[in-house]
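Numbering (the working numbering), first residue to last: 9 to 379.
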Amino acid sequence: MNAEIKAKHQRIVNFMAAQNLEAVALSSRPNFAWFTGGKLNHVNAATQQGVATLIVTRDRAFCLSSNIERPRLVEEELEGTGIEAVEFAWYEPELRKRRTVEIAGGLRVGYDMPVPGLPGSAVELPGSFNTLRWSLLPEEVERYRHVGRAASEAMEATIRRVRPGMTETQIAGLAAHEAFVRSLRPWVLLIAADERIEKFRHPIPTDRRLEKIAMLVFCLERFGLVCSLTRLVSFGPVSDDRRRRHNAVVNVDAAMCLASRPGRTLGQVLETAQRAYAEGGFEGEWRLHHQGGPTGYLTRDGLATPGNPTPLVANQALAWNPSIAGTKSEDTLLIADGQPTVLTAAGPDWPTIQAESNGRTMSRPDILVLS
Numbered sequence: 009m010n011a012e013i014k015a016k017h018q019r020i021v022n023f024m025a026a027q028n029l030e031a032v033a034l035s036s037r038p039n040f041a042w043f044t045g046g047k048l049n050h051v052n053a054a055t056q057q058g059v060a061t062l063i064v065t066r067d068r069a070f071c072l073s074s075n076i077e078r079p080r081l082v083e084e085e086l087e088g089t090g091i092e093a094v095e096f097a098w099y100e101p102e103l104r105k106r107r108t109v110e111i112a113g114g115l116r117v118g119y120d121m122p123v124p125g126l127p128g129s130a131v132e133l134p135g136s137f138n139t140l141r142w143s144l145l146p147e148e149v150e151r152y153r154h155v156g157r158a159a160s161e162a163m164e165a166t167i168r169r170v171r172p173g174m175t176e177t178q179i180a181g182l183a184a185h186e187a188f189v190r191s192l193r194p195w196v197l198l199i200a201a202d203e204r205i206e207k208f209r210h211p212i213p214t215d216r217r218l219e220k221i222a223m224l225v226f227c228l229e230r231f232g233l234v235c236s237l238t239r240l241v242s243f244g245p246v247s248d249d250r251r252r253r254h255n256a257v258v259n260v261d262a263a264m265c266l267a268s269r270p271g272r273t274l275g276q277v278l279e280t281a282q283r284a285y286a287e288g289g290f291e292g293e294w295r296l297h298h299q300g301g302p303t304g305y306l307t308r309d310g311l312a313t314p315g316n317p318t319p320l321v322a323n324q325a326l327a328w329n330p331s332i333a334g335t336k337s338e339d340t341l342l343i344a345d346g347q348p349t350v351l352t353a354a355g356p357d358w359p360t361i362q363a364e365s366n367g368r369t370m371s372r373p374d375i376l377v378l379s
């Protein structure tokens, strides 16, 4: 195993000891990507169920897959990882079960998704397993910085190509192109034109044509790491009312970002957001949409909910997304002991606002105005 996988293997070993387990079976795309250092185990992009299962014991790691998948996995995903490939014929389901028994038979196993052949005593992993992914290693941080820069570039390149008269689905097509040419996979593409920005918090693209203003929301993935960001573009001056709303929402966003420190809880960050909404004249607006939370190998790996006692950790990725009807502010950031680092920061040609919170300021994206 390389150094990154060894460190993650040790986290799993410690977790298994605490949970009285002897092996874990990981089939989900997020867990596969996390353990392998950003490798892929999917074919169907519309599901979190992978086509290969990692079975991790106290001293070894195996990758169980069919004869369809094994050649590509060995050549493109597993080389240099120290993970042992185990194959079964796709047309022999009983062989798959036997291979699983050969690896994990007689062991106390926890799984993230059911796997044929696991012992009858196998149990579903508790949600706390996901927190093993939260504190990113240096190698992951470096990959995440790359993904964040590329995601910001994809967003801005898309918006520079948008024109009034385009449908939301056409804009989504531009977005998908700009993502894929940067080796990013779109997990979420939300596009709202004009009145749909006010009406819907999750505006999936439609054939509605853009007249004046659009909101684009991206969740883009590479190496298993997901970057979320939102931007607005207006063709012509922004109304005074929308300007007031956007100024308020970026202040909420800045308050949440600046309150995000290791040791603070998700509930405490939400309380900060609630106060900022009220100070901006939009008390109660937080109830109309979730405010975001931890991210990394999922678009959201938990949410900031009232009283949530879950603490933030060092080197954790977060994506806050406060919204007020008609606007939204969202980026992906990394927290350590000091100022949070915005991974999806706007480029030098994008307008920004110096948002304020408790005497501290933070640059947040403004609405881009084009003629």
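Built from N, CA and C at the ideal position, the CB exists for glycine as well.
Fair warning: this is a prediction, and the values are worked out from it, not measured in the lab.
*Starting from the Cα of Ile111, find the closest Cα among Val32, Ala158, Thr214 and give me that residue.*
Closest by alpha carbon: Val32.
*Taking Trp195 as the reference, give the member of Leu228, Ala69, Thr340 with the closest Cα.*
For Trp195, the closest C-alpha among the options Leu228, Ala69, Thr340 is that of Leu228.
_Three-state secondary structure (DSSP) of Ile199_ = Ile199: strand per DSSP, three-state reduction.
_I'd like to check one pair, Trp328 with Gln347: are the Cβ atoms closer than 8 Å?_
No, they are not a contact pair.
*asked:* Tell me which residue opens and which closes the beta strand (DSSP E) that Val234 is part of.
replied: Val234 -> beta strand (DSSP E) spans 233–243.
_I need the straight-line Cα distance from Glu287 to Gly334, nearest angstrom please._
Approximately 18 Å, taken between the alpha carbons.
*Per DSSP, which one or two residues make a beta bridge with Met370?*
Met370 is bridged to Ala363.
*Out of Arg116, Ile212, Asn28, Ala69, state which residue places its alpha-carbon closest to the alpha-carbon of Thr175.*
Of the listed residues, the one whose Cα sits closest to Thr175 is Ile212.
_Coil, strand or helix - Arg295 by DSSP_ = In the three-state scheme derived from DSSP, where H, G and I count as helix and E and B as strand, Arg295 is classed as helix.
*Glu83 to Val258, Cα distance in whole Å?*
Looking at the two C-alpha atoms, the distance is approximately 46 Å.
*asked:* Quick check on Met264: does DSSP put it in helix, strand or coil?
replied: Helix, per DSSP.
*asked:* Beta-carbon within less than 7 Å of Phe290's beta-carbon, same chain only, minus the 5 sequence neighbours each way: which residues are those?
replied: When the five nearest sequence neighbours on each side are left out, the beta carbons in the same chain lying within less than 7 Å of the beta carbon of Phe290 are those of Ala256, Ile332, in order along the chain.
*In whole angstroms, what is the alpha-carbon distance linking Asn316 and Gln276?*
C-alpha separation (whole angstroms): 8 Å.
*asked:* Only counting the same chain, and skipping five residues up and downstream in sequence, which positions put a Cβ closer than 6 Å to that of His297?
replied: Hits under 6 Å: Arg209, Ser331.
*Are the Cβ atoms of Ile343 and Leu320 separated by less than 8 Å?*
Yes; because the gap between Cβ atoms is below 8 Å, this pair is in contact.
*Helix, strand or coil for Ile20, going by three-state DSSP, please let me know.*
Helix, per DSSP.
*When DSSP labels each residue in this structure, what does Phe70 get in the three-state scheme?*
In this structure, Phe70 counts as strand in the three-state DSSP scheme.
*According to DSSP, residues forming a beta bridge with Lys336*: DSSP lists Ser331 as the beta-bridge partner residues of Lys336.
*For Ile361, I'd like the list of residues in its chain whose CB is within less than 6 Å of its CB, leaving aside the five on either flank, ordered along the chain.*
Listed in chain order, the non-local C-beta contacts of Ile361 below 6 Å within the same chain comprise Val258, Arg372, Asp374, local neighbours out to five positions each way being set aside.
*By how many angstroms is the C-alpha of Val94 removed from the C-alpha of Thr349?*
Answer to the nearest angstrom: the Cα atoms are 41 Å apart.
_Helix, strand or coil for Ala271? Go by DSSP, reduced to three states._
In the sequence as displayed, the identity of residue 271 is Gly instead of Ala. Note: Gly271 maps to coil in three-state DSSP.
_By DSSP's criteria, Met223 is part of a beta bridge. Which residues make up the other side?_
DSSP lists Ala200, Leu240 as partners of Met223.
*With Val64 as the anchor, note down where its alpha helix (DSSP H) starts and where it stops.*
No alpha helix (DSSP H) holds Val64; the beta strand (DSSP E) holding it covers 57–65.
*Three or more C-beta pairs closer than 8 Å, one from the stretch 149–168 and one from the stretch 226–243: is that the case here?*
With the cut-off at 8 Å, the stretch 149–168 and the stretch 226–243 touch.
_Tyr99 versus Leu237, Ile76, Leu115, residue with shortest Cα-Cα distance_ = Considering only alpha carbons, the answer is Ile76.
*Evaluate contact between the stretch 49–61 and the stretch 240–251, counting only Cβ atoms and requiring at least three cross-stretch pairs below 8 Å.*
No, the stretch 49–61 is not in contact with the stretch 240–251.
*Are the Cβ atoms of Asp25 and Leu145 separated by less than 8 Å?*
Note that residue 25 is Ala in the sequence shown, not Asp. The Cβ atoms of Ala25 and Leu145 do not sit closer than 8 Å to each other.
_For Met345 and Ala322, which I take to be in contact (beta-carbon distance under 8 Å), what is that distance rounded to the nearest angstrom?_
This sequence places Asp at residue 345; Met is not what is there. Asp345 to Ala322, Cβ: 7 Å. Contact.
*What is the rounded straight-line gap between the Cα of Phe226 and the Cα of Gly114?*
Rounded to whole angstroms, Phe226 to Gly114 spans 45 Å at the Cα level.
*asked:* Within 10 Å of its beta-carbon, does Gly46 have 16 or more other beta-carbons around it, so buried, or fewer, so exposed?
replied: Residue environment for Gly46: buried (at least 16 other C-beta atoms within 10 angstroms of its C-beta).
*What residues in its chain sit with their C-beta under 6 Å from that of Thr313, if we drop five residues either side in the sequence?*
Sequence-distant partners of Thr313 (beyond 5 residues in either direction) whose C-beta falls short of 6 Å from its own C-beta are missing from its chain.
*Starting from Thr32, trace the beta strand (DSSP E) both ways and give me its first and last residue.*
A small fix is needed here, since residue 32 is Val in this sequence, not Thr. Taken as a continuous stretch (DSSP letters only), the beta strand (DSSP E) holding Val32 covers 31–36.
*asked:* Run through the DSSP bridge pairs and tell me what Tyr99 is partnered with.
replied: Looking at the DSSP assignment, Tyr99 forms no beta bridge with any residue, so it has no partner.
*I think Gly58 touches Arg37, with their Cβ atoms under 8 Å apart; what is that distance to the nearest whole Å?*
Correct: roughly 5 Å between the Cβ atoms.
*Closest by CA to Thr166, which one among Thr369, Phe23, Gly181?*
The candidate whose alpha carbon is nearest that of Thr166 is Gly181.
*Express the C-alpha separation of Gln27 and Ala184 in angstroms, rounding to a whole number.*
Ala184 and Gln27: Cα-Cα distance of roughly 42 Å.
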